[in-house]
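All remarks here apply to the structure that follows.
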Amino acid sequence: MDEQQQQRHALALELKARAERVEHALTQAIDGQDATEKRALLGQALEDIVALEALAEAHPDIQLPPLPRIRQGMAGLALMLYQQGACDGLSESQQHAFLDAHAAPLTAVDGIGTVTARRLLLAGVTSVEALRGLSREQLEAIPGITNATLARLQAGLSQ
């Protein structure tokens with residue numbers, strides 16, 4: 068096996084191991100009972116997803132089409148845990164950090180910062196695609212979405 072094949076093989080093994088860790092952590096987070104453990108497992112899965120995204124970005128020949136759907140599902144799980152009180156024992160800044168980590172993909176839209184992304188997640192928006200599907204009236208109904216924020220959202224989504 069030449070050096071390039073060895074590198075590809077090592078990369079494939081790393082992708083496989085990370086994907087297996089994500090699957091295991093998410094399965095345990097869904098099946099678990101303890102809120103602290105669920106948050107920790109979700110955090111582990113998110114770290115591996117971010118690493119997988121970085122690997123895919125660094126290697127354009129690698130296609131991982133399920134990642135956005137997995138990320139969206141994780142955001143939904145994080146929101147459900149939050150709504151069920153899994154973050155009640157955390158400080159406000161820790162709660163924000165938990166939500167912000169799962170709302171981060173929304174900040175890919177120009178004009179959406181972490182606070183707006185958090186507000187959108189709390190309103191049930193777990194992906195840019197879901198955001199695109201909202202009407203102006205639905206966006207206006209989200210607490211904290213001002214006219215200025217709405218204008219930024221619409222401008223960012225039209226790009």
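If you use this note's numbering, the sequence shown corresponds to residues 68 to 226, in order.
Idealized CB from N, CA, C, for every residue including glycine.
Thinking C-alpha only, which one of the options is nearest residue i?
{"i": "P132", "options": "I116, R219, G143 and A142", "result": "I116"}
{"i": "I129", "options": "G211, E81, L201 and R219", "result": "E81"}
{"i": "T213", "options": "A190, S225, T183 and L224", "result": "T183"}
{"i": "L142", "options": "E204, G110, Q72 and A84", "result": "A quick correction: the sequence has Ala, not Leu, at residue 142. The candidate whose alpha carbon is nearest that of A142 is G110."}
{"i": "R199", "options": "A107, A175 and P210", "result": "A175"}
{"i": "A125", "options": "A96, L78, L93 and K83", "result": "L78"}
{"i": "L248", "options": "L224, A215 and A107", "result": "With the chain covering only 68 through 226, there is no way to say anything about residue 248."}
Below 8 Å on the Cβ atoms is my guess for residue i versus residue j; work out the distance and round it to an integer in Å.
{"i": "P172", "j": "V192", "result": "Going by Cβ atoms, the distance from P172 to V192 rounds to 10 Å, so no, they are not a contact pair."}
{"i": "L206", "j": "L217", "result": "6 Å"}
{"i": "Q226", "j": "D177", "result": "6 Å"}
{"i": "R185", "j": "P210", "result": "In fact, because the Cβ distance is near 11 Å, the residues do not count as touching under 8 Å."}
{"i": "K105", "j": "A153", "result": "6 Å"}
How would you label residue i, buried or exposed, when you count the other beta carbons within 10 angstroms and need 16 or more for buried?
{"i": "H169", "result": "buried"}
{"i": "A222", "result": "exposed"}
{"i": "I179", "result": "buried"}
{"i": "M147", "result": "exposed"}
{"i": "R203", "result": "exposed"}
{"i": "A112", "result": "buried"}
(message) Runs of 4 residues minimum, wholly inside the segment 117-168: which ones carry the alpha helix (DSSP H) assignment?
(response) 133-150
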